[in-house]
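2 protein chains.
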Amino acid sequence: MSAAHRWGDPSRAVTLPDGVRTLLASALGVREPHPPASVAALPPPGLSDRALRALEAACSQVRTDDQARLAHAAGMSTVDLLRLRAGDAADAPDAVIAPADHDEVTDVLAACAAHRIAVVTFGGGTSVVGGLRASRDGYAGVVAVDLARLGRLRHLDPVSRTATFEAGVRAPRAEELLAEQGFTLGHFPQSFERATIGGFAATRSSGQASSGYGRFDQMVVGLRVATPSGTLHLGRAPHTAAGPDLRQLFLGSEGALGVITEVTVQIRPTPPARRYLGWRLADFAAATEAARALAQDGPLPAVLRCSDELETTVNAVSEGASADGCLMITGIEGTEDEVAGVASALTERLAGLGGQPLGEEPGQAWLRGRFAAPYLRDALLDAGALVETVETAAFWSALPATYAAVRDALATSLAGQGTPPLVLCHISHVYSSGASLYFTVVAAQADDPVAQWQAAKAAAGDAIAASGATITHHHGVGRDHIPWYRDEIGHEGVAVLRAVKRALDPEGVLNPGVLLP
Amino acid sequence: MSAAHRWGDPSRAVTLPDGVRTLLASALGVREPHPPASVAALPPPGLSDRALRALEAACSQVRTDDQARLAHAAGMSTVDLLRLRAGDAADAPDAVIAPADHDEVTDVLAACAAHRIAVVTFGGGTSVVGGLRASRDGYAGVVAVDLARLGRLRHLDPVSRTATFEAGVRAPRAEELLAEQGFTLGHFPQSFERATIGGFAATRSSGQASSGYGRFDQMVVGLRVATPSGTLHLGRAPHTAAGPDLRQLFLGSEGALGVITEVTVQIRPTPPARRYLGWRLADFAAATEAARALAQDGPLPAVLRCSDELETTVNAVSEGASADGCLMITGIEGTEDEVAGVASALTERLAGLGGQPLGEEPGQAWLRGRFAAPYLRDALLDAGALVETVETAAFWSALPATYAAVRDALATSLAGQGTPPLVLCHISHVYSSGASLYFTVVAAQADDPVAQWQAAKAAAGDAIAASGATITHHHGVGRDHIPWYRDEIGHEGVAVLRAVKRALDPEGVLNPGVLLP
Numbered sequence: 001m002s003a004a005h006r007w008g009d010p011s012r013a014v015t016l017p018d019g020v021r022t023l024l025a026s027a028l029g030v031r032e033p034h035p036p037a038s039v040a041a042l043p044p045p046g047l048s049d050r051a052l053r054a055l056e057a058a059c060s061q062v063r064t065d066d067q068a069r070l071a072h073a074a075g076m077s078t079v080d081l082l083r084l085r086a087g088d089a090a091d092a093p094d095a096v097i098a099p100a101d102h103d104e105v106t107d108v109l110a111a112c113a114a115h116r117i118a119v120v121t122f123g124g125g126t127s128v129v130g131g132l133r134a135s136r137d138g139y140a141g142v143v144a145v146d147l148a149r150l151g152r153l154r155h156l157d158p159v160s161r162t163a164t165f166e167a168g169v170r171a172p173r174a175e176e177l178l179a180e181q182g183f184t185l186g187h188f189p190q191s192f193e194r195a196t197i198g199g200f201a202a203t204r205s206s207g208q209a210s211s212g213y214g215r216f217d218q219m220v221v222g223l224r225v226a227t228p229s230g231t232l233h234l235g236r237a238p239h240t241a242a243g244p245d246l247r248q249l250f251l252g253s254e255g256a257l258g259v260i261t262e263v264t265v266q267i268r269p270t271p272p273a274r275r276y277l278g279w280r281l282a283d284f285a286a287a288t289e290a291a292r293a294l295a296q297d298g299p300l301p302a303v304l305r306c307s308d309e310l311e312t313t314v315n316a317v318s319e320g321a322s323a324d325g326c327l328m329i330t331g332i333e334g335t336e337d338e339v340a341g342v343a344s345a346l347t348e349r350l351a352g353l354g355g356q357p358l359g360e361e362p363g364q365a366w367l368r369g370r371f372a373a374p375y376l377r378d379a380l381l382d383a384g385a386l387v388e389t390v391e392t393a394a395f396w397s398a399l400p401a402t403y404a405a406v407r408d409a410l411a412t413s414l415a416g417q418g419t420p421p422l423v424l425c426h427i428s429h430v431y432s433s434g435a436s437l438y439f440t441v442v443a444a445q446a447d448d449p450v451a452q453w454q455a456a457k458a459a460a461g462d463a464i465a466a467s468g469a470t471i472t473h474h475h476g477v478g479r480d481h482i483p484w485y486r487d488e489i490g491h492e493g494v495a496v497l498r499a500v501k502r503a504l505d506p507e508g509v510l511n512p513g514v515l516l517p
Numbered sequence: 001m002s003a004a005h006r007w008g009d010p011s012r013a014v015t016l017p018d019g020v021r022t023l024l025a026s027a028l029g030v031r032e033p034h035p036p037a038s039v040a041a042l043p044p045p046g047l048s049d050r051a052l053r054a055l056e057a058a059c060s061q062v063r064t065d066d067q068a069r070l071a072h073a074a075g076m077s078t079v080d081l082l083r084l085r086a087g088d089a090a091d092a093p094d095a096v097i098a099p100a101d102h103d104e105v106t107d108v109l110a111a112c113a114a115h116r117i118a119v120v121t122f123g124g125g126t127s128v129v130g131g132l133r134a135s136r137d138g139y140a141g142v143v144a145v146d147l148a149r150l151g152r153l154r155h156l157d158p159v160s161r162t163a164t165f166e167a168g169v170r171a172p173r174a175e176e177l178l179a180e181q182g183f184t185l186g187h188f189p190q191s192f193e194r195a196t197i198g199g200f201a202a203t204r205s206s207g208q209a210s211s212g213y214g215r216f217d218q219m220v221v222g223l224r225v226a227t228p229s230g231t232l233h234l235g236r237a238p239h240t241a242a243g244p245d246l247r248q249l250f251l252g253s254e255g256a257l258g259v260i261t262e263v264t265v266q267i268r269p270t271p272p273a274r275r276y277l278g279w280r281l282a283d284f285a286a287a288t289e290a291a292r293a294l295a296q297d298g299p300l301p302a303v304l305r306c307s308d309e310l311e312t313t314v315n316a317v318s319e320g321a322s323a324d325g326c327l328m329i330t331g332i333e334g335t336e337d338e339v340a341g342v343a344s345a346l347t348e349r350l351a352g353l354g355g356q357p358l359g360e361e362p363g364q365a366w367l368r369g370r371f372a373a374p375y376l377r378d379a380l381l382d383a384g385a386l387v388e389t390v391e392t393a394a395f396w397s398a399l400p401a402t403y404a405a406v407r408d409a410l411a412t413s414l415a416g417q418g419t420p421p422l423v424l425c426h427i428s429h430v431y432s433s434g435a436s437l438y439f440t441v442v443a444a445q446a447d448d449p450v451a452q453w454q455a456a457k458a459a460a461g462d463a464i465a466a467s468g469a470t471i472t473h474h475h476g477v478g479r480d481h482i483p484w485y486r487d488e489i490g491h492e493g494v495a496v497l498r499a500v501k502r503a504l505d506p507e508g509v510l511n512p513g514v515l516l517p
């Protein structure tokens, strides 16, 4: 298994305490798994010499070594990781292409179209929905187009508060470059440490502070997109009524309609103050009502999350604390005055909604751990646990039923497979009309953990669809969500996407099998 | 000329005071025009009996009388009105179809596709960009599909604060229906008295209170769209990352990609309090900077507008007041406490930005007159003046140059035609990254006022494009903006739209000649 398929900074790898191992064994029946395969089996590289020469003519950096191929063999879903741990790297690309700039991307796409080579655009490699597993069927090969060299801040307009980044800039680097000039993007999804600006755009990412800074699609002012048919440059004003908003076709296009090479985003002055507070609500129903009240009538903090009873308990146990009810986290950012004003209004409002103030410690604990879950997953997989997440969004009036249906579907499916799970949930993003639900599932790995999870995931997807909710609030479609996505946009929606793809990618080389049914 | 081509309620028609007539004559050289033609010349109805029978089979209400045809002969641009005044109703449809519901719309589209009849979807009929003038070339005829009978509130969800309207509901009726349950949409464009919910969606409308309630496209949660190829039902959650946002293809599609039959919108509780205040800034540069400060760092009122020096003077004269500097209007809405809090913060903030408080009277005057401009235009046209508007949006860093370039282009073009104009301007909508500019032009009518305005409009459009701004912030593309729109979205953008149109409207019957080059 490649080090690239453990999460993030190796020095921050998590070791599970013995007590947790014992608990996993006694409560969930988790047993030590087979040790990971020491070497994953790469398929033989499949590109012809002629195709390879065309790629080398188009791009200054083309690699076909095992290390590069393995590092681009999969995304970061639990299924991806389980397959690699089992030595299966069948989805590895034949070559990894790293263009230096937009023009090289354009040349690479032309070469791939001419030679019918499938293109997986690779940013941070953090897809959890199979977005990096292109179809090989009918193609002369598959290449990963890694945008790491598109790493510059092209322009910053402090008057209009916009910044134009090349697509390969990783989120922490983007924040560094903005901080030098006193600005922030304010986009902090759990994938923050690895994900890229282009990936955020291509997948409609939502950050943890979306109530304060907006989702990524709301931050995007402009896009530059390379396609086999030519380049689009979209977004020349803060708003326009000049026809359909074509940017919205590429936001969420997951590499299937074009390669986003530059993104112009709205930026904000770095907030001088922030205060993260915890609150206890009696139960998840009360927490949901309180979240709705804040989302609809304010005060709305930049971060607003609330855990259900079980997630509250599990988090408290892992922190060595005790807990009852449900934990809500509110993160307020702004000037000192603004933060003080919102904190005071929030205290008054939440008191009226049954919220008991827990002070800053729960908020600080959440801030410390906000990017830790993927490290923890690696350790849990090592220990033989199955751990994965499922997320959705629904209108407020449908949220309680959606919550119950998805939780029950996951629990029933896994219990039916002999591995009764823990299913934890929190509201992660709120809107005036509804909210997202983020489920975390922990169970013992069965003998075939991939099939085990796929069955549970299908049950959850069916429950989401039956509730009238969306199959994904922020993870995207990839390959894994296609059956439900097709129903969500309907026959005519699929026809529209196919038509757009034919216009921009007539050879169908862009991420085949991803997004489009 | 049809009464339908004077604006709104006849009892509110404006009569110009003699003083204004004298001023128009002396300052701008305005002379009494030829009296309007008493009867506009309708082209003979062009549909075959067979086509008409197919339409009657599809729809319970089909009219071919002169009155119905004339009422649907044009939109509300000054060019539309001048043509009708000159007796030219060449763009009148052959028939007016009023379907009762979504299914009848679908049947009508099928009949039109089968018989190659062009379809102009007609809501409030308030297009000012030629959006209701379909091409006849190559078609068996043109019909207006008037959605007036799609006039119901289908569903209101008070928990999620959403409402589903049929597309033909006029804005005042929508507000009435919502008010019965304590809600408002908060969408108040100048076309409010006539425009429809479906029209707002199809044209990406922006209301005067867009800073507080959002633009219409931001209010839209869901859409139901009839096309010749089938129906789309989009939007099942407050947000989704399930692929491109297909709603954004139909918002702004101006009847060229489908007929929007239902719109689900975000609603808000009716604000119990509002306070509209006026402020004087030294000049337009200072007013622009103040607007930017409020848009970027707050407090941001629901309505924020500021007039340039000339517009400030002209408005003051018409109110019988004197003025110097530039007038800013701020409209605050919410609970009593919220309004008091924002008003106080605004007073402090604007004091620091050089704003001198003028109290509530200028705000009240603006509220009284906010829907009056179209009535005034009728009276000015009667008196022989040419009056029309031009609007755009630009990033803050480009706004001052855009303002100067457009104003100068209009002035130079009209002066060059022997009719030096008054060019007034205000900032009408603000964003963190920029703002819209709304120009009003008044001059004497030349012998051919249509050609006169078209030359001035082309000069303005070229100046907007050269400034890098958008050809329209909220009026839409129609036929009039196509040359600039084509450049704005580029060759590949046009290819994308054409591909979508082919998929949904293979016979090309939907509003041919509008939106798509």
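Same order as they appear, the protein sequences are chains H and B. According to UniProt numbering, the first sequence is numbered sequentially starting from 1. According to UniProt numbering, the second sequence is numbered sequentially starting from 1. C-beta: ideal position from N, C-alpha, C; glycine also. As the structure is a prediction and not an experimental result, all values here were calculated from the model.
Asked: Report the neighbours of S433 of chain H on chain B: residues whose CB is nearer than 7 Å to its CB, in chain order.; Found: S160, R161, T162, V221, P238, Q266
Asked: To test your reading of the DSSP string, which unbroken beta strand (DSSP E) runs of 3 or more residues are found completely within the region 327-413 of chain H?; Found: 356-359, 385-395
Asked: Under 8 Å between the Cβ atoms of T184 of chain B and A273 of chain B?; Found: no
Asked: Could you tell me which residues DSSP puts in a beta bridge with V303 of chain B?; Found: B:G331
Asked: Quick one: Cα of H5 of chain B to Cα of A71 of chain B, how far?; Found: 7 Å
Asked: Return the chain-ordered list of same chain residues with a C-beta closer than 7 Å to the C-beta of A323 of chain H, the five sequence neighbours on each side being excluded.; Found: T312, T313, A316
Asked: Taking the straight line between their C-alpha atoms, what separation do you get for H187 of chain B and G212 of chain B?; Found: 10 Å
Asked: At a CB-CB cut-off below 8 Å, which residues of chain H make contact with residue 518 of chain B?; Found: With chain B represented from 1 up to 517, any question about residue 518 of chain B goes unanswered, as that position is not in the structure.
Asked: Beta strand (DSSP E) containing W279 of chain H: first to last residue?; Found: 273-281
Asked: Any beta carbon from chain H within less than 8 Å of E262 of chain B's own beta carbon?; Found: no
Asked: Helix, strand or coil for Q218 of chain H, going by three-state DSSP, please let me know.; Found: helix
Asked: For the region 177-198 of chain B, enumerate the residues whose C-beta is nearer than 9 Å to any C-beta of chain H, in chain order.; Found: none
Asked: Verify whether the separation of the beta carbon atoms of L399 of chain H and G434 of chain H is less than 8 Å.; Found: yes
Asked: So with CB distances below 8 Å, who are the chain B contacts of R502 of chain H?; Found: A499
Asked: With H, G and I counted as helix, E and B as strand and the rest as coil, what does DSSP make of G230 of chain H?; Found: strand
Asked: Identify each residue in the region 415-427 of chain H for which the Cβ-Cβ distance to at least one residue of chain B is less than 9 Å, and report them in chain order.; Found: none
Asked: Could you check what DSSP says for R236 of chain H in three-state terms: helix, strand or coil?; Found: coil
Asked: With the cut-off set at 8 Å, would you say P228 of chain B and A144 of chain B are in Cβ contact?; Found: no
Asked: Cα separation between D382 of chain H and T270 of chain B?; Found: 55 Å
Asked: Which of the residues in the region 283-300 of chain H, read from start to end, lie with their CB under 7 Å from any CB of chain B?; Found: Q296
Asked: Reducing DSSP to helix, strand and coil, say where E193 of chain H ends up.; Found: coil
Asked: Is it true that the CB of E348 of chain H sits closer than 8 Å to the CB of V339 of chain H?; Found: no
Asked: Are the CB atoms of S98 of chain H and D146 of chain H nearer to each other than 8 Å?; Found: In the sequence under discussion, the amino acid at residue 98 of chain H is Ala, which differs from the Ser named in the question. Yes, they are a contact pair.
Asked: Would you say F165 of chain B lies against chain H (beta-carbon separation less than 8 Å)?; Found: no
Asked: Of all the options H:L150, H:D157, H:A113, which has the alpha carbon lying nearest to the alpha carbon of Y139 of chain H?; Found: H:A113
Asked: Do the region 400-420 of chain H and the region 470-480 of chain H touch if we need at least three Cβ pairs shorter than 8 Å?; Found: no
Asked: What does the Cβ neighbour count give for E180 of chain H, buried or exposed, with the cut at 16 atoms within 10 Å?; Found: exposed
Asked: Note down the Cα distance separating G513 of chain H from P158 of chain B, rounded to an integer number of angstroms.; Found: 40 Å
Asked: If I measure Cβ to Cβ from C306 of chain H and keep anything under 8 Å in the same chain, skipping five residues before and after, which residues do I get?; Found: L281, F284, A287, T288, A290, A291, C326, L327, M328, I329, H426, I427
Asked: Smallest Cα separation from V263 of chain B: which of B:A95, B:F250, B:P299?; Found: B:F250
Asked: For V96 of chain B and R63 of chain B, which I take to be in contact (beta-carbon distance under 8 Å), what is that distance rounded to the nearest angstrom?; Found: 5 Å
Asked: Going along the chain, which unbroken runs of the beta strand (DSSP E) with 3 or more residues stay wholly within the region 418-464 of chain B?; Found: 422-430, 434-444
Asked: Note down, one range per segment and in chain order, each alpha helix (DSSP H) of at least 4 residues found wholly within the region 142-209 of chain B.; Found: 171-179, 197-202
Asked: Whole-angstrom Cβ separation of H474 of chain H and A241 of chain B, contact assumed at under 8 Å?; Found: 5 Å
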